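Chemist: In terms of the working numbering, the sequence shown has 3 at position 3, counting the first letter as 1, and numbering is strictly consecutive.
Every residue, glycine too, gets a C-beta built ideally from N, C-alpha and C.
Just so it is clear, the structure is predicted and the values come from calculations on it, not from any experiment.
Structure below; questions to follow.
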Amino acid sequence: MIGVSLMNARRNLVAFIENKMKKYFLSVLTIAMASMVLSPVASASGQTNLNDLSADLNGDGIVSLGELRFHNAEYRGK
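In structure tokens, the structure reads:
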């Protein structure tokens, strides 16, 4: 009887650890993917930023990320 309860305890512990590791892995993966997506815009030092109205292509007074990317790519000649 003690052997069976120890096996059940071990099985429960392994399941608990696996669930925690899955949550941790998915959290790290989400953070890594988000940082990879945002890094080109965040590391645009020396380039036009969201406060510069020269990147406002449609003249609405608001610089969107799409306008900013297009303006910076055009500025670099790409």
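Are the CB atoms of LEU50 and HIS71 nearer to each other than 8 Å?
Modeler: As a position in the sequence shown, residue 50 is number 50, starting the count at 1. As a position in the sequence shown, residue 71 is number 71, starting the count at 1. Contact flag unset, no.
Chemist: Tell me whether ALA55 is buried or exposed, calling it buried when 16 or more other Cβ atoms sit within 10 Å of its Cβ.
Modeler: Within the sequence shown, the letter at position 55 stands for residue 55. Buried: at least 16 other Cβ atoms inside 10 Å.
Chemist: Output yes or no for whether 8 Å exceeds the beta carbon distance between PHE63 and LEU53.
Modeler: Counting from one through the sequence shown, the residue named residue 63 turns up at place 63. Counting from one through the sequence shown, the residue named residue 53 turns up at place 53. In the sequence as displayed, the identity of residue 63 is Val instead of Phe. In contact: VAL63 and LEU53 (Cβ atoms closer than 8 Å).
Chemist: Could you please give the first and the last residue of the uninterrupted alpha helix (DSSP H) stretch that includes GLY66?
Modeler: By 1-based counting over the sequence shown, the position of residue 66 is 66. Element bounds for GLY66: 65 to 76.
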